[in-house]
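Residue numbers (numbering that gives the first Met the number 0): 0 to 253.
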Amino acid sequence: MSYQIKLEIFEGPMDLLLHLIKKHELDIYSIPIALITQQYLEYIDLMKSLDMEIAGDFLVMASTLTHIKSRMLLPPAENPEGDEDGVDPRAELIRRLLEYKSFKEAAGSLGDKEETWSQVYTRQAEAAPDLPADDEPLLFDFHLFDLLAALKDIMARVPDAKFEITAETVSITEKISHILARLETTDSLLFVELFENSTTRLQVIGTFLALLELIKTRVVKAFQIEQFGAIRIMKAVTDTQNRDQDTATGNLFG
């Protein structure tokens with residue numbers, strides 16, 4: 000299966016770092032650099048295994064984290080960069096993270112105000128009782144990183160013996176059709192339910208890539224009822240749009 004993806008929903012390295020800090024409930028002013036570096040590199044490795052097109056700034060950040068980690072492991076007398084003034088090797092990274100976090104929060108606040116104003120005259124119809132309404136906060140600081148973390152758990156459940164290279168082929172288009180068929184019979188699915196019949200690494204990856212394409216093209220939504228809770232999948236199109244859905248799906252790989 001040769002299939003490289005680059006998604007607009009994919010955010011940058013600062014987003015990944017902030018995601019890890021929040022997920023592990025870490026103090027941004029005292030980042031455990033060894034843990035963050037390990038977690039960050041695991042995400043990079045997973046993205047590579049999915050044949051994702053990784054932007055250069057992700058790799059630059061990986062190098063930066065590794066460099067900071069090595070500096071912190073050295074006794075002050077052996078630190079080639081000195082730090083005679085007692086500057087924490089993490090200081091510049093922390094400054095950048097705080098600056099970026101403030102920027103994101105400000106942008107999010109403006110977006111919320113715009114959304115509220117747009118709802119004054121164009122309120123959406125109510126959604127199903129057990130799902131978030133369209134005008135409510137649907138995602139709780141949700142990133143592609145949450146999907147990648149969930150994928151890591153799925154991959155860990157596949158026995159090592161199943162990871163052997165085989166002549167198996169997986170059609171992403173068929174996986175897309177399978178996901179859509181399942182969503183025809185229910186309001187939403189748990190992310191893990193998409194992989195119930197996946198017994199090999201290739202099948203898991205194929206299903207995951209199919210899901211990413213459906214999210215990218217806004218055919219389905221991924222959401223969490225609570226922050227860092229179970230990920231659910233639902234259709235993002237109305238019944239009146241279904242006639243266009245098959246055409247859109249057919250053009251995903253054109």
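Beta carbons: idealized from backbone N, C-alpha and C, even for Gly.
Beta-carbon proximity check, residue i vs residue j, cutoff 9 Å
{"i": "Leu92", "j": "Ile30", "result": "yes"}
{"i": "Gln223", "j": "Asp145", "result": "yes"}
{"i": "Lys100", "j": "Leu17", "result": "yes"}
{"i": "Lys220", "j": "Lys234", "result": "yes"}
{"i": "Tyr39", "j": "Ala54", "result": "no"}
{"i": "Leu147", "j": "Met46", "result": "yes"}
{"i": "Leu182", "j": "Ala229", "result": "no"}
{"i": "Val169", "j": "Leu210", "result": "no"}
{"i": "Ala33", "j": "Lys68", "result": "yes"}
{"i": "Val157", "j": "Thr184", "result": "no"}
Same chain only: Cβ atoms within 6 Å of residue i, ignoring 5 sequence neighbours per side
{"i": "Phe207", "result": "Leu150"}
Three-way DSSP call (helix, strand, coil) for residue i in this model
{"i": "Ala106", "result": "helix"}
{"i": "Gln226", "result": "coil"}
{"i": "Arg89", "result": "coil"}
{"i": "His23", "result": "coil"}
{"i": "Gly205", "result": "helix"}
{"i": "Thr199", "result": "coil"}
{"i": "Glu183", "result": "coil"}
{"i": "Leu97", "result": "helix"}
{"i": "Ser29", "result": "helix"}
{"i": "Thr168", "result": "coil"}
{"i": "Glu173", "result": "helix"}
{"i": "Asp152", "result": "helix"}
{"i": "Leu213", "result": "helix"}
{"i": "Glu10", "result": "coil"}
{"i": "Leu73", "result": "coil"}
Beta-carbon separation (whole angstroms), residue i vs residue j, contact threshold 8 Å
{"i": "Ile27", "j": "Leu97", "result": "7 Å"}
{"i": "Arg231", "j": "Ser187", "result": "5 Å"}
{"i": "Ile204", "j": "Leu49", "result": "6 Å"}
{"i": "Leu64", "j": "Ile43", "result": "The Cβ separation is near 10 Å, so there is no contact."}
Those residues which DSSP pairs with residue i across a bridge
{"i": "Leu188", "result": "Ile232"}
{"i": "Ala61", "result": "Per DSSP, none; premise fails for Ala61."}
{"i": "Lys220", "result": "Met233"}
Sequence-distant residues of its chain with Cβ nearer than 8 Å to residue i (five each side left out)
{"i": "Thr239", "result": "The predicted model places Thr239 with a pLDDT of 45, which falls under 50 and marks its position as unreliable, so this point remains unresolved."}
{"i": "Glu41", "result": "Lys151"}
{"i": "Arg95", "result": "Met13"}
Within-9 Å CB hit, residue i to chain C
{"i": "Leu58", "result": "No chain C is part of this structure, which consists of one protein chain only."}
7 Å CB neighbourhood of residue i in its chain, flanking five on each side removed
{"i": "Asp56", "result": "Gly11, Pro12"}
{"i": "Leu213", "result": "Ile175, Ile178, Val219"}
{"i": "His66", "result": "none"}
{"i": "Phe227", "result": "Lys22"}
{"i": "Val86", "result": "none"}
{"i": "Val191", "result": "Ile153"}
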